[in-house]
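Participant:
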Amino acid sequence: MGVAAIEVTGLVKTYRLGDVLVEALKGVDLSIAAGEFLAVMGPSGSGKSTLMNILGCLDRPTTGSYRIDGEEVGGLSRDGRAILRRKRLGFVFQGFNLLSRLTARENVELPMIYDGTPAADRHERALSALSSVGLADRARHLPSQLSGGQQQRVAIARAIVNTPSLILADEPTGNLDSATSGEILGIFQRLNDDRGITMVLVTHEPDIAQYAKRVIRFLDGRIVEDRPVPDRRRPAGHEGTAG
Amino acid sequence: MNLYSAGKVAFRSLRANKMRSALTMLGMIIGVAAVIIMVAIGEGANQRISAQIASVGSNLLLVIPGSTTSGGLRSGFGGAHTLTMADARAIGKELSAVRASSPTMRSSGPVVYGNQNWSTILQGGAPEFLEMREWKVVSGRNFTAQEMEAASKVCLLGQTVSDYLFGTEDPVGKIVRIKRSPFTVVGILDRKGQSPQGQDQDDTVFLPITTMQKKLSGSAHVGTVGVIMVQAVDADRVKEAEQQVIELLRQRHRIGQGGTDDFSVRNLSEMLALAESATRIMSLLLGGIASVSLLVGGIGIMNIMLVSVTERTREIGIRMAVGARERDILSQFLIEAVLLALTGGAAGILLGAGGAVLTSMLAGWSTVLSPSAIFLAFGFSAAVGVFFGFYPARKASRMDPIEALRYE
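So the sequence lines, in the order shown, correspond to chains A and B.
In terms of the numbering used here, the first sequence has 192 at position 192, counting the first letter as 1, and numbering is strictly consecutive.
In terms of the numbering used here, the second sequence has 439 at position 196, counting the first letter as 1, and numbering is strictly consecutive.
Right under this line is the structure:
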């Protein structure tokens with residue numbers, strides 16, 4: 001599979017909750033190759049969200065090392081992590097997390113606003129990202145005028161607009177019905193297949209995990225299972241852009 | 244993020260909460276308007292005083308008759324008739340620091356021309372009087388020293404008197420009756436405006452003091468005068484002139500060491516300078532009080548920005564997740580606060596300017612809108628925005644993105 005896109009070794013994360021020290025991650029080792037599609041499973045509180053926050057550079061590990069493309073990023077400053085998120089990472093959340101006052105296109109433009117991309121360039125790239133998720137005709141709509149599946153697709157367009165090497169999706173289908181979930185996962189598979197974007201997907205639904213190439217399972221801050229997905233699922237109709 | 248897109252973002256989020264933004268701005272509007280109006284009033288008062296100083300004439304002393312006490316009884320200055328024509332002449336001729344002097348006398352009476360009559364101030368003086376007051380003759384001429392000597396029945400009309408008695412007719416050479424005596428109008432005085440006491444200085448007739456004493460007053464005090472007006476050689480010698488006048492008059496009136504003067508000398512420009520500094524203090528005070536409301540407006544901005552930051556915690560989290568750095572978030576909220584303050588400030592300037600114009604129209608106070616006050620108010624609004632916006636903006640920029648994204 002080539003160079004490991006993500007290399008995590010001896011990752012420990014402890015929180016202080018009042019007087020109690022909570023150990024959310026108790027020494028996690030994980031290697032994700034470039035172009036991989038990983039599903040992270042596990043019950044609530046098992047540490048998978050903590051791992052996602054660290055992988056997404058929203059949080060830093062207490063100890064241990066985190067490398068992206070061989071570069072140590074665990075010790076980066078807040079601003080260093082912000083720049084890394086902007087340039088190399090894309091986020092898709094369960095609750096979509098779009099800005100309600102901005103149109104679909106403006107939401108997609110958001111990451112580009114912070115690196116000073118000229119306005120004309122921003123518009124063009126946002127529209128092309130929107131059309132790659134099948135929403136070219138919804139560019140001027142506000143999130144409230146879009147269905148849940150459409151909002152999540154806007155969020156995906158936002159995640160890919162800066163051509164990241166890694167997309168982190170935290171329960172992206174948690175708020176969607178199963179048909180729409182299939183569409184969203186179809187888009188992820190397409191981005192993974194066609195563009196080679198590494199995908200990390202958190203879910204607790206086993207059939208959602210079936211869309212991935214590899215599944216790991218968390219329990220009490222440790223990886224307890226790591227297996228490939230043998231008969232990988234594809235969305236019905238094979239068309240992720242329908243809608 | 245560049246300034247333009249940051250400004251656009253700020254503008255949109257202010258527009259999203261129109262009522263709240265408007266109310267927050269109102270605080271700034273009132274503050275800035277108050278400052279602008281108060282400064283305009285203060286400035287107006289200052290300029291009026293300065294104009295009055297100029298209109299009175301420069302380097303003038305007034306010698307006022309009367310004693311402070313006589314036999315334990317205080318009689319006000321001007322109450323006695325202790326100054327004479329000879330005193331005035333002596334002051335003008337003998338003193339080195341004095342450029343000119345003029346005895347003066349005031350009374351009032353009706354002036355009649357044809358079927359028009361007008362009751363006015365009769366100002367008696369020497370020909371030098373006009374020059375000392377820097378009062379020009381716009382038409383005709385001043386009366387001469389000979390006419391003064393001869394107590395001729397000639398007079399000059401102030402603009403107001405001329406307007407009321409003659410209208411558009413040229414008064415020069417016409418005969419008017421003052422207290423039933425016929426006088427020839429030899430000249431018209433320039434417009435002078437209001438006196439420091441608020442009187443219309445143009446509502447007057449100027450005539451030789453000798454004529455006034457002999458032909459009009461008929462008083463027992465022929466030869467005594469009201470106030471002697473004295474002009475020093477230049478501004479540096481006003482004090483010296485004052486001393487010389489006092490010495491000369493003591494000598495002439497035979498007032499020994501320790502005796503009580505039967506006159507007093509007032510330095511006009513000094514009095515006006517005092518009034519000027521009082522006005523300046525007043526306008527500073529007014530501006531200071533008004534600035535307090537600007538401060539309150541700033542606190543309003545801080546308050547609403549804090550609410551806004553809390554409300555938009557999730558937005559901040561999203562922006563951070565997609566790559567906004569601390570300074571991006573900081574500048575976003577700072578620009579919002581400054582925009583609030585500046586918009587409020589601009590509206591306040593308009594309101595203040597309107598208020599100042601209205602004040603001068605309704606209350607009759609003169610107000611002056613100086614560009615520097617307007618720039619200052621605008622700059623001050625921006626400073627208020629930055630100062631009171633900084634804390635909320637910093638709070639926003641320091642948020643933990645994970646917490647912020649989780650915020651409901």
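Beta carbons are placed, not taken as given, at the ideal position from N, Cα and C, and that holds for glycine.
Is N192(A) helix, strand or coil when you go by DSSP?
Facilitator: Numbered from 1 along the first sequence, position 192 holds the residue referred to as residue 192(A). Residue state, collapsed to three classes: helix.
Participant: Would you mind stating whether A253(B) and L582(B) have Cβ atoms separated by less than 8 Å?
Facilitator: Within the second sequence, numbered from 1, the residue matching residue 253(B) stands at position 10. Within the second sequence, numbered from 1, the residue matching residue 582(B) stands at position 339. Yes.
Participant: Select from L17(A), I6(A), G18(A) and A24(A) the residue whose C-alpha is nearest the C-alpha of F218(A).
Facilitator: If you number the first sequence from 1, residue 218(A) lands on position 218. Of L17(A), I6(A), G18(A) and A24(A), the residue nearest in Cα terms is A24(A).
Participant: Mind checking if D69(A) is an interface residue toward chain B, Cβ cutoff 8 Å exclusive?
Facilitator: In the first sequence, counting from the first residue as 1, residue 69(A) sits at position 69. Chain B, which has no Cβ nearer than 8 Å to the Cβ of D69(A), makes this no.
Participant: Interface residues of chain A around E558(B) at Cβ under 8 Å?
Facilitator: In the second sequence, residue 558(B) corresponds to position 315, counting from 1. Simply L99.
Participant: Using a threshold of 8 Å, state whether the C-beta atoms of V539(B) and G367(B) are closer than that.
Facilitator: Counting from 1 along the second sequence, the entry for residue 539(B) is found at position 296. Counting from 1 along the second sequence, the entry for residue 367(B) is found at position 124. Not a contact, by the Cβ cut-off of 8 Å.
Participant: Could you please give the first and the last residue of the uninterrupted beta strand (DSSP E) stretch that includes F506(B)?
Facilitator: Along the second sequence, read from residue 1 onward, the residue named residue 506(B) stands at position 263. It spans F506 to N510 - the beta strand (DSSP E) in which F506(B) sits, taken as one unbroken run.
Participant: Can you list, in chain order, the residues of its chain with a C-beta nearer than 6 Å to that of S46(A)? Leave out the 5 residues immediately preceding and following it.
Facilitator: Within the first sequence, residue 46(A) is the residue found at index 46, counting from 1. The residues are F218 and L219.
Participant: What did DSSP end up calling I280(B) once you bin it into helix, strand or coil?
Facilitator: Here residue 280(B) refers to the residue found at position 37 when the second sequence is read from its first residue. If DSSP states are grouped into helix, strand and coil, I280(B) belongs with the helices.
Participant: I believe L652(B) touches N385(B) by the beta-carbon criterion, under 8 Å. Please report the beta-carbon distance rounded to the nearest angstrom.
Facilitator: Only positions 244 to 651 of chain B appear in the structure, and residue 652(B) is not among them; the question remains open.
Participant: Please list, in chain order, the residues of the region 531-558 of chain B that have any C-beta partner in chain A closer than 7 Å.
Facilitator: E558
Participant: Is any beta-carbon of chain B found at less than 8 Å from that of Y66(A)?
Facilitator: To locate residue 66(A), count along the first sequence from 1; it is residue 66. Closer than 8 Å: no.
Participant: Strictly by DSSP, which residues pair up with G90(A)?
Facilitator: Here residue 90(A) corresponds to residue number 90 of the first sequence, with the count starting at 1. DSSP, once it has assigned bridges, lists I167(A) as partnering G90(A).
Participant: Can you tell me which residues form a DSSP beta bridge with D446(B)?
Facilitator: As a working note, residue 446(B) is residue 203 in the second sequence. DSSP, once it has assigned bridges, lists no residue as partnering D446(B).
Participant: Would you identify the three-state DSSP class for T173(A), choosing helix, strand or coil?
Facilitator: Numbered from its first residue, the first sequence carries residue 173(A) at position 173. Note: T173(A) maps to coil in three-state DSSP.
Participant: In angstroms with no decimal places, state the Cα-to-Cα distance between R233(A) and L176(A).
Facilitator: Sequence index remark: in the first sequence, residue 233(A) carries index 233 (1-based). Sequence index remark: in the first sequence, residue 176(A) carries index 176 (1-based). Their backbone Cα atoms lie some 18 Å apart in a straight line.
Participant: Given D477(B), which residues of its chain have a CB within under 7 Å of its CB, disregarding the five upstream and five downstream residues?
Facilitator: Here residue 477(B) corresponds to residue number 234 of the second sequence, with the count starting at 1. Correct list, in chain order: N302.
Participant: Taking 8 Å as the cut-off, decide whether the C-beta atoms of V12(A) and L30(A) are in contact.
Facilitator: Within the first sequence, residue 12(A) is the residue found at index 12, counting from 1. Within the first sequence, residue 30(A) is the residue found at index 30, counting from 1. No.
Participant: Short of 8 Å in beta carbon distance, which residues of its chain neighbour S49(A), apart from the five on each side in sequence? Order them along the chain.
Facilitator: For the purposes of this step, residue 49(A) is identified with residue 49 of the first sequence, where counting begins at 1. These residues qualify, in order along the chain: D170 and V202.
Participant: Along the chain, where does the alpha helix (DSSP H) containing G383(B) start, and where does it finish?
Facilitator: Here residue 383(B) is taken as the residue at index 140 of the second sequence, counted from 1. Looking at the DSSP string, G383(B) is not in any alpha helix (DSSP H); the run it does join, the beta strand (DSSP E), is V380 to G383.
Participant: Can you confirm whether P635(B), when its beta carbon is compared against all beta carbons of chain A, has any partner nearer than 8 Å?
Facilitator: If you number the second sequence from 1, residue 635(B) lands on position 392. No, no contact with chain A.
Participant: Does any CB atom of chain B fall closer than 8 Å to the CB of F91(A)?
Facilitator: Here the question's residue 91(A) lines up with position 91 in the first sequence. Cβ-Cβ to chain B under 8 Å: yes for F91(A).
Participant: Indicate whether at least one CB of chain C lies closer than 8 Å to the CB of R60(A).
Facilitator: The structure shown contains no chain C; its protein chains are A and B.
Participant: Let me check one thing: in DSSP terms, what residues is A437(B) bridge-paired to?
Facilitator: As a position in the second sequence, residue 437(B) is number 194, starting the count at 1. Before going on, a small fix: residue 437(B) reads as Gln here, not Ala. Looking at the DSSP assignment, Q437(B) forms a beta bridge with D443(B).
Participant: Please list the terminal residues of the continuous beta strand (DSSP E) segment that includes K26(A).
Facilitator: Locating residue 26(A) in the first sequence gives position 26, counting from the first residue. Segment V20 to A33, the beta strand (DSSP E) holding K26(A).
Participant: If we ignore side chains and look at the alpha-carbon of each, how far apart do L130(A) and T163(A) end up?
Facilitator: The residue you call residue 130(A) lines up with position 130 of the first sequence. The residue you call residue 163(A) lines up with position 163 of the first sequence. Roughly 13 Å between the two C-alpha positions.
Participant: What three-state label does DSSP hand I113(A) in the structure shown?
Facilitator: If you number the first sequence from 1, residue 113(A) lands on position 113. In the structure shown, I113(A) sits in a helix (DSSP, three-state: H, G or I).
Participant: Tell me which residue opens and which closes the beta strand (DSSP E) that P614(B) is part of.
Facilitator: Here residue 614(B) refers to the residue found at position 371 of the second sequence. Here P614(B) belongs to no beta strand (DSSP E); instead the alpha helix (DSSP H) covers P614 to S640.
Participant: Classify L582(B) as helix, strand or coil using the three-state DSSP reduction.
Facilitator: The count along the second sequence starts at 1 and reaches residue 582(B) at position 339. Helix.
Participant: When DSSP builds the beta bridges, which residues end up paired with C398(B)?
Facilitator: Residue mapping note: residue 398(B) aligns to position 155 of the second sequence, counting from 1. V428(B), per the DSSP bridge assignment.
Participant: When the Cα of G588(B) is compared with those of K435(B), L605(B), M328(B) and G622(B), which residue comes out closest?
Facilitator: Position 345 of the second sequence, counted from the first residue, corresponds to residue 588(B). If we check each option's Cα against that of G588(B), G622(B) comes out closest.
Participant: With Q389(B) as the anchor, note down where its alpha helix (DSSP H) starts and where it stops.
Facilitator: In the second sequence, counting from the first residue as 1, residue 389(B) sits at position 146. According to the DSSP assignment, Q389(B) belongs to the alpha helix (DSSP H) that extends over A388 to E392.
Participant: For the alpha helix (DSSP H) holding M375(B), just list the boundary residues, first then last.
Facilitator: Residue mapping note: residue 375(B) aligns to position 132 of the second sequence, counting from 1. Its alpha helix (DSSP H) spans residues E371 to M375.
Participant: Which chain B residues sit within Cβ distance under 9 Å of Y114(A)?
Facilitator: By one-based count along the first sequence, residue 114(A) stands at place 114. The contacting residues are M244, R562, V565, G566, A567, R568 and D571.
Participant: Are the C-beta of R255(B) and some C-beta of chain A separated by less than 8 Å?
Facilitator: Here residue 255(B) refers to the residue found at position 12 of the second sequence. So, interface residue.
Participant: Taking all protein chains shown into account, do 16 or more other C-beta atoms lie within 10 angstroms of the C-beta of E337(B), making it buried, or fewer, making it exposed?
Facilitator: Residue mapping note: residue 337(B) aligns to position 94 of the second sequence, counting from 1. E337(B) should be labelled exposed.
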